[in-house]
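See structure below.
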Amino acid sequence: MARQVIDFASPIASDTEGRVWTDIRAAAQLRADEQPRLAALLHPILAAKTGRQMLIGTLAARLAHTAGDRALAAKVLASTEDGALLEETEADLLAIVTRDPANPDPLTVLLHLKGFQALQVHRFAHRLWQAGRMEGARWLSSQASLAFGLDIHPAARMGRGIMLDHGSGIVIGETVVVEDDVSMLQQVTLGGTGRDKGDRHPKVRRGVLIGAGAKILGNIEIGAYSKIAAGSVVLEPVPAHTTVAGVPARIVRVHSEDEMPAATMDHRID
948 MARQVIDFAS PIASDTEGRV WTDIRAAAQL RADEQPRLAA LLHPILAAKT GRQMLIGTLA
1008 ARLAHTAGDR ALAAKVLAST EDGALLEETE ADLLAIVTRD PANPDPLTVL LHLKGFQALQ
1068 VHRFAHRLWQ AGRMEGARWL SSQASLAFGL DIHPAARMGR GIMLDHGSGI VIGETVVVED
1128 DVSMLQQVTL GGTGRDKGDR HPKVRRGVLI GAGAKILGNI EIGAYSKIAA GSVVLEPVPA
1188 HTTVAGVPAR IVRVHSEDEM PAATMDHRID
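This is the structure:
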């Protein structure tokens, strides 16, 4: 059977290829040469001409169960405004490679890390949402939830340099704001209280580390460079440069201002 050719070209914007995408293509070619049976897995990267095409092709392949779904996913992804999307993606790649020893290079992250992949699908869906294309945004978010086991509302505002480690079970609500350089682990919920309307979700400031299973509920602020211990339930605002733990969460430590929990990934609370 002939290989289906997918048109990745966007009618809206072209992109230039940065060094990271050149390195990803070179690494993919090396792996294809070493392991020819994996060539089909690497095809979306090797067949692409730009970094944007590599990203779209890889995400479309992960979102789809059939060739038709894959073509549809690629078309919807490619129809979005480009803007700074690739820059945001590159920042996420760098964050993961520098914080997570299990993902040693950008190609590994792009191909296999579902938290990263779900976040990048969200970046496309968010652009559709902002453009008033709600149905396409919801479809992408729904497909990502089915494929990756994460639930991120397309209206949620996500900064750059974010790591969703493992990713399984993460839930991020409609009015959430997550600023730059945040790390969160599996089973984290950034949710509402279940009774409020309007702006009802957490605002997570820069450099925050959120441990596995933590639940942050309501329109509360999580201050910059703070740490939420694993399994905590946070119902009140958290000051900057503090660690909170427990159910409900309480302040257990005040940090020095040069500590960067999201970068060090140090989950100790003492």
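In the working numbering, the protein residues as written are 948 to 1217.
Think of the CB as a built atom: it goes at the ideal place given N, C-alpha and C, for glycine as much as any other residue.
In the structure shown, Asp1098 adopts extended strand secondary structure according to DSSP, grouped into three states.
Val1181 is the residue among Val1181, Ser1203, Glu1206 whose C-alpha sits nearest the C-alpha of Ala1196. Leaving aside the five residues that flank Val1056 on each side, the residues in its chain whose CB is nearer than 7 Å to its CB run, in chain order, Leu1040, Ile1043, Val1044, Asn1050, Phe1063. Beta-bridge partners assigned by DSSP to Ser1130: Met1110, Leu1156. Between the region 1137-1154 and the region 1068-1082 there are fewer than three C-beta pairs closer than 8 Å, too few to call the two in contact. About 4 Å separates the beta carbon of Pro1208 from that of Lys1174, a gap short enough to meet the 8 Å contact definition.
Taking C-beta atoms as the reference points, Ala1192 and Ile1157 fail to come closer than 7 Å.
Leaving aside the five residues that flank Glu1204 on each side, the residues in its chain whose CB is nearer than 7 Å to its CB run, in chain order, His1188. In the DSSP assignment, Ile1163 falls within the beta strand (DSSP E) that extends over 1162-1164. No Cβ-Cβ contact shorter than 7 Å links Ile1198 with Pro1184.
The count of Cβ pairs closer than 8 Å, one atom from the region 1104-1111 and one from the region 1016-1025, stays below three, leaving the stretches out of contact.
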